[in-house]
Structure formats: C-alpha cells, structure tokens
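A quick write-up on the structure given underneath.
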Amino acid sequence: MHFNGDLELSSCFVNINLTILSPENKTCKSDMEDPEVIHVYLAYQAANCFDLLYKRYGGKIYSKCISMLKDEALAHDATQEVFTKIFLNLSKFNEKSRFSTWVYSITYNYCIDYIRRKKKNANLFMDDISRLPEIEDEVSDDEILSIAVHQLKVILEELDDGERAILLMKYQDGMSIKEIASLLNKTESAVKMRIKRAKERAKHLKQKLFKEEY
Amino acid sequence: MIDILGYSKIKAMNNFQQLQNEFEGDYERIGASNKRSIESTLSTFKFIANIFEVYLPKIGDLLIAFAGGRKDTSKPHSNPSSTPPNLQDFDSNRNI
Numbered sequence: 001m002h003f004n005g006d007l008e009l010s011s012c013f014v015n016i017n018l019t020i021l022s023p024e025n026k027t028c029k030s031d032m033e034d035p036e037v038i039h040v041y042l043a044y045q046a047a048n049c050f051d052l053l054y055k056r057y058g059g060k061i062y063s064k065c066i067s068m069l070k071d072e073a074l075a076h077d078a079t080q081e082v083f084t085k086i087f088l089n090l091s092k093f094n095e096k097s098r099f100s101t102w103v104y105s106i107t108y109n110y111c112i113d114y115i116r117r118k119k120k121n122a123n124l125f126m127d128d129i130s131r132l133p134e135i136e137d138e139v140s141d142d143e144i145l146s147i148a149v150h151q152l153k154v155i156l157e158e159l160d161d162g163e164r165a166i167l168l169m170k171y172q173d174g175m176s177i178k179e180i181a182s183l184l185n186k187t188e189s190a191v192k193m194r195i196k197r198a199k200e201r202a203k204h205l206k207q208k209l210f211k212e213e214y
Numbered sequence: 215m216i217d218i219l220g221y222s223k224i225k226a227m228n229n230f231q232q233l234q235n236e237f238e239g240d241y242e243r244i245g246a247s248n249k250r251s252i253e254s255t256l257s258t259f260k261f262i263a264n265i266f267e268v269y270l271p272k273i274g275d276l277l278i279a280f281a282g283g284r285k286d287t288s289k290p291h292s293n294p295s296s297t298p299p300n301l302q303d304f305d306s307n308r309n310i
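As you go down the protein sequences, you meet chains D and L in turn. Just so we're aligned: 106 in the numbering used here is position 106 of the first sequence, and the numbers increase by one with no gaps anywhere. Just so we're aligned: 258 in the numbering used here is position 44 of the second sequence, and the numbers increase by one with no gaps anywhere.
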C-alpha cells in the first residue's frame, strides 16, 4: 500500500485545526443549552457567550436581589457582584444540578449573607418554634398561587427575609425541597416546616392587608 | 392565532414568576450599563491573571538568583537532528 506520509499527516493536522477552531464552534447560538454555552465560553472566552448568559440570567438575578434586599441601588450592586462571582467560578460548575439552580443558589447566598451582615449575624432561618404561630390547616399551593401579583408584591415585602426567600425558591424557581435544604444547610423536614409557616403567614397577611378586596 | 402580546406565556407563568417578569422588565433600563461594568471587572481579573501566568515563573527564577542560586542548566539538550520517538515507525514506513 502506498502511503504518502507528508501529505496525509499535514492534511490530518489541517482537519483537526478546522474542527476545533472553526468559527461556528467559537461562538454561542441563542438556541444552545446552558452547559453548551458554558463549555464554549470556557474554551474560547467568546464575548457572545457572556452576552447570552447575561441576557438569560441578568434580569432574573436582579429580580431575586430586589425581592430580597428591597432596595434598587443595593439590588444593582448585588447583581453585578453575583454575576462577576458566577463568571469567576464558572469552571467550578459541575453540572450535577441545573445551571439555573446553581446561579440562584449563589444569588440567594449572597443576599442572605448581606442581610446577616447588615443585621449583625441575625439567623434568617432559625428554628425558633415558639416565635411562630400555630398552624391550623395547611394552606394549599393553589391558595398561594391565586394571590394577585400586586398583592403578592406587598405580601413579600411584609414577610420576614427567611420566609420570603423560601417562598421564592419554591414557587418562583421551582426548586425541590432537597435543593432548598442543601442550599440552606437544613434538613428536609425543617424546610417543609418553614414553607408551611411561610404560606400561613402569607395567607394571614393577605387577609389583613387586602380586607376590602375580599 | 398570533400571540402578539405573549399572553399565552404570561398565562403559563404563576404569580411569583409574573412578579419576576415585572422586575426583569425594570432591569432592562439599566441592564446595559451594569453589563459594561461586569465586563470591565472581568477583564481586569483576566489581565491580572495573565500577568501572574506570564511573570510568576520568572519571579521564581529571580528569587533563586537573589538567594545566590543558579538556574539548573545541567540537563542535556535534545539533539535537533534526531527523530522524535513517535515518528520512528512512520519514517521506516516511508522508506518502503
């Protein structure tokens, strides 16, 4: 068999280079899934991958920050810091969970730490049972999800920081009990109890604040 | 039917997600300036990391020199005319 080494070897290198460095692989497309975008960003630091992730998550991070911190200026700064943190640690994302869950965990942890520092080490998720009202019947998810958006905005502002965070995690981000428990470093039963209490408080607040709308 | 206002999307979201959507809309006003400052922070970090990557080995040599040591030059250089081990078979095939 004739083997033209020089030609085959050089064409082989050209093929490899074309595959790895082809312009299509160096950019991110809007229909790409998050893990794919992250891989391309880590490999090529492509600016449009950054743009894409910012477009997908910038607003969501801001929304969580403003819900938690209740201040526009603080929320802007927090969004910047959280996003910077995410990009500096992007290589540590291990794909064991959804990228969105990872992003929201960083956001909530940042906000919780900020509130703790501000309130001088207040424990947002303390298990002080005596402080909490007695639960009669459990409030159903439908009852919580039927609150009008303008009412919900006011109710969330009135809730404690911990209660607000836990309701956002469950209903806004669709996080599972297990995911919330690992984020807050609590047991699953403690999280379930916290959600129950937060739902009850939200129901009471709705009845108290929007009496005339009944 | 054409869904001009994205009504079906809003309908599919629960009240918490609709609230999030409202906040996201507010963020669009200032999103661009925030993005620029994030990009500049990231490029500063990248610049510092590059400096470390390039100059850290040199700093090591410099410290060795200051301590009175010398860079190890006793390692023999490879013969530039020799064939790399993985291409030996390739060369023998070529002669056939």
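Backbone N, C-alpha and C fix where the C-beta goes; we use that ideal spot for every residue, glycine too.
request  = Grab the span of the alpha helix (DSSP H) containing Q45 (chain D) for me, first residue to last.
outcome  = Indexing the first sequence from 1 puts residue 45 (chain D) at position 45. Taken as a continuous stretch (DSSP letters only), Q45 (chain D) belongs to no alpha helix (DSSP H), as it is neither H nor E.
request  = Tell me whether the beta-carbon of E236 (chain L) lies closer than 7 angstroms to the beta-carbon of G59 (chain D).
outcome  = Within the second sequence, numbered from 1, the residue matching residue 236 (chain L) stands at position 22. Within the first sequence, numbered from 1, the residue matching residue 59 (chain D) stands at position 59. Not closer than 7 angstroms, so no.
query = Using a beta-carbon distance below 7 angstroms, is E238 (chain L) in contact with chain D?
reply = Within the second sequence, the letter at position 24 stands for residue 238 (chain L). With 7 angstroms as the cut-off, E238 (chain L) counts as an interface residue toward chain D.
query = Got a sec, what are the start and stop residues for the alpha helix (DSSP H) R197 (chain D) sits in?
reply = Residue mapping note: residue 197 (chain D) aligns to position 197 of the first sequence, counting from 1. Taken as a continuous stretch (DSSP letters only), the alpha helix (DSSP H) holding R197 (chain D) covers 188-209.
ask   = Taking 7 angstroms as the CB-CB limit, is M227 (chain L) close to chain D?
value = On the second sequence, residue 227 (chain L) is found 13 positions in, with the first residue counted as 1. At a cut-off of 7 angstroms between beta-carbon atoms, M227 (chain L) makes no contact with chain D.
query = What residues in the segment 102-113 of chain D bring their beta carbon closer than 9 angstroms to a beta carbon of chain L?
reply = Flagged: no residues at all.
request  = Find out if the Cβ-Cβ distance for the pair N229 (chain L), I166 (chain D) is shorter than 7 angstroms.
outcome  = Sequence index remark: in the second sequence, residue 229 (chain L) carries index 15 (1-based). Sequence index remark: in the first sequence, residue 166 (chain D) carries index 166 (1-based). The answer is no: Cβ separation not under 7 angstroms.
message = I'd like to know if L209 (chain D) contacts chain L, where contact means its C-beta is closer than 7 angstroms to some C-beta of that chain.
response = Here residue 209 (chain D) refers to the residue found at position 209 of the first sequence. Look at L209 (chain D): its C-beta is not under 7 angstroms from any C-beta on chain L.
ask   = Is the beta carbon of Y110 (chain D) sitting closer than 7 angstroms to the one on K249 (chain L)?
value = Within the first sequence, the letter at position 110 stands for residue 110 (chain D). Within the second sequence, the letter at position 35 stands for residue 249 (chain L). Not a contact, by the Cβ cut-off of 7 angstroms.
Coil, strand or helix - K170 (chain D) by DSSP = On the first sequence, residue 170 (chain D) is found 170 positions in, with the first residue counted as 1. Helix at K170 (chain D).
query = Which value, in whole angstroms, describes the spacing of the CA atoms of I56 (chain D) and M227 (chain L)?
reply = For the purposes of this step, residue 56 (chain D) is taken as residue 56 along the first sequence, with counting starting at 1. For the purposes of this step, residue 227 (chain L) is taken as residue 13 along the second sequence, with counting starting at 1. In the sequence under discussion, the amino acid at residue 56 (chain D) is Arg, which differs from the Ile named in the question. Roughly 17 angstroms between the two C-alpha positions.
task = Answer with buried or exposed for G274 (chain L), where buried requires no fewer than 16 other C-beta atoms within 10 angstroms of its C-beta.
result = Taking the second sequence and counting its residues from 1, the one referred to as residue 274 (chain L) is at position 60. Answer is exposed; the Cβ neighbour count stays below 16.
task = Going by CA-CA distance only, name the one from D:A78, D:Y114, D:F87, D:A75 that's closest to S257 (chain L).
result = Reading the second sequence from its first residue, position 43 is the one you call residue 257 (chain L). It is D:F87 whose Cα lies nearest to the Cα of S257 (chain L).
query = If you compare alpha carbons, which of D:G162, D:Q80, D:L145 is closest to S247 (chain L)?
reply = Locating residue 247 (chain L) in the second sequence gives position 33, where the first residue counts as 1. Comparing Cα-Cα distances from S247 (chain L) to each of D:G162, D:Q80, D:L145, the minimum goes to D:Q80.
inquiry  = At the 7 angstroms Cβ level, is L145 (chain D) part of the contact set with chain L, yes or no?
reply    = By one-based count along the first sequence, residue 145 (chain D) stands at place 145. Contact of L145 (chain D) with chain L is assigned, a C-beta pair being separated by under 7 angstroms.
query = Which chain D residues sit within Cβ distance under 7 angstroms of F261 (chain L)?
reply = Position 47 of the second sequence, counted from the start, is the residue given in the question as residue 261 (chain L). Those do not exist, as F261 (chain L) stays about 13 angstroms from chain D at its closest Cβ, beyond 7 angstroms.
message = Is the beta carbon of I66 (chain D) closer than 7 angstroms to that of A75 (chain D)?
response = Taking the first sequence and counting its residues from 1, the one referred to as residue 75 (chain D) is at position 75. Taking the first sequence and counting its residues from 1, the one referred to as residue 66 (chain D) is at position 66. Yes, the pair counts as a contact, with Cβ atoms nearer than the cut-off.
Alpha-carbon to alpha-carbon, S63 (chain D) and L156 (chain D) = Reading the first sequence from its first residue, position 156 is the one you call residue 156 (chain D). Reading the first sequence from its first residue, position 63 is the one you call residue 63 (chain D). So the alpha carbons of these two residues sit roughly 13 angstroms apart.
query = Can you tell which of D:M32, D:L168, D:M193, D:S97 has its C-alpha closest to the C-alpha of M68 (chain D)?
reply = Mapped onto the first sequence, residue 68 (chain D) falls at position 68. With distances taken between Cα atoms, M68 (chain D) lies closest to D:L168.
inquiry  = Does any residue of chain D have a CB that is nearer than 7 angstroms to the CB of S257 (chain L)?
reply    = Taking the first residue of the second sequence as position 1, residue 257 (chain L) is located at position 43. Cβ-Cβ to chain D under 7 angstroms: no for S257 (chain L).
task = State the DSSP-derived secondary structure class of E138 (chain D), mapped to helix, strand or coil.
result = As a position in the first sequence, residue 138 (chain D) is number 138, starting the count at 1. Per DSSP, reduced to three states, the secondary structure at E138 (chain D) is coil, with no helix or strand assignment.
request  = Return the chain-ordered list of same chain residues with a C-beta closer than 6 angstroms to the C-beta of Y104 (chain D), the five sequence neighbours on each side being excluded.
outcome  = Residue numbering aside, residue 104 (chain D) sits at position 104 when the first sequence is read from its first letter. So the list reads D173, once near-sequence residues are dropped.
query = Are the C-beta of I265 (chain L) and some C-beta of chain D separated by less than 7 angstroms?
reply = On the second sequence, position 51 is the one that residue 265 (chain L) refers to. For I265 (chain L), no Cβ of chain D is located within less than 7 angstroms of the residue's own Cβ.
query = With DSSP run on the structure shown, which of helix, strand or coil describes C65 (chain D)?
reply = For the purposes of this step, residue 65 (chain D) is taken as the residue at position 65 of the first sequence. Reduced to three states, the DSSP call for C65 (chain D) is helix.
ask   = Do we get a CB-CB distance below 7 angstroms when we pair F230 (chain L) with the residues of chain D?
value = As a first step, residue 230 (chain L) must be located in the second sequence, where it is residue number 16. F230 (chain L) counts as touching chain D.
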